[in-house]
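Worksheet: the structure to be examined is printed underneath.
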Amino acid sequence: MNTILQKKNIILNCHPKAKEDVIKEIGKMFYDDGYTTEKYTQAMLDKEKVFNTAIGNAVAIPHGIEEGKCEVKKSGLVIMTFPQGTDWGGETVKLVIGIAGVGDEHIDILSNIAVTCSDEDEVDEILKSSVDQIYDTFANIEGE
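According to our numbering, numbering within the sequence shown proceeds without interruption in unit steps and concludes at 258.
What follows is the structure, encoded as structure tokens:
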């Protein structure tokens with residue numbers, strides 16, 4: 115069974131770094147685990163040029179531009195926490211959830227993440243959580 119999230123792709127307590135570097139790390143994990151081709155990283159970087167993926171409540175959801183969807187082999191997530199926050203195009207984010215969605219699955223994945231992270235208190239709880247707790251929160255998020 116292909117899972118959308120692997121525990122090894124939940125990285126806690128990251129130090130602040132440039133958002134482009136965070137996206138490149140996420141892209142490498144997607145590629146290394148067979149979720150995407152190498153070109154998907156550039157699709158995520160291109161998305162940031164046209165739309166800042168910070169969605170409020172200290173959360174960013176980097177994902178590829180529409181033209182990059184063909185680079186996704188299977189849907190996946192990468193989750194990184196930044197307890198001190200990291201700059202995301204002028205906004206400080208603490209929870210970064212990289213998304214690779216096959217076809218239109220990314221829409222369902224995005225909406226499920228938005229619901230899960232809709233409250234600042236919920237995001238704070240996620241930031242205090244262990245890898246296992248975060249896995250339990252997000253492993254069942256998927257497209258229809």
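Every residue gets a Cβ at the ideal spot worked out from N, C-alpha and C, and that includes glycine.
Local conformation of residue i per DSSP, three classes
i	result
A168	strand
L126	coil
K131	coil
G217	coil
Q247	helix
E152	coil
T117	coil
Residue burial classification, residue i (beta-carbon count within 10 angstroms, cutoff 16)
i	result
Q182	Note on identity: in this sequence residue 182 is Gly, with Gln being the wrong assignment. By the neighbour-count rule (16 or more Cβ atoms within 10 Å), G182 is buried.
V164	exposed
Closest Cα partner of residue i within the set the options
i	options	result
A228	T167, H129, D201 and E152	T167
I140	K121, I179, C184 and L191	L191
K188	N123, M194 and Y149	Y149
E185	A253, M194 and E152	E152
Spatial neighbours of residue i in its chain, beta-carbon cut-off 8 Å, leaving aside the 5 residues before and after
i	result
V237	N171, A172, V173, K208, L209 and C231
M115	Confidence is the limiting factor: at M115 the pLDDT is only 41, short of 50, which leaves the residue's position unreliable, though a coordinate-based value still follows. Same-chain partners within the cutoff: there are none.
Nonlocal neighbours in the same chain, by C-beta distance under 7 Å from residue i, ignoring five residues either side
i	result
I175	T167, I169, I211, I213, L224 and I227
E134	L159
Open item on the list: I'd like to know if the region 141 to 154 and the region 212 to 223 are in contact, where contact means that at least 3 CB-CB pairs between them fall below 8 Å.
Closed with: yes
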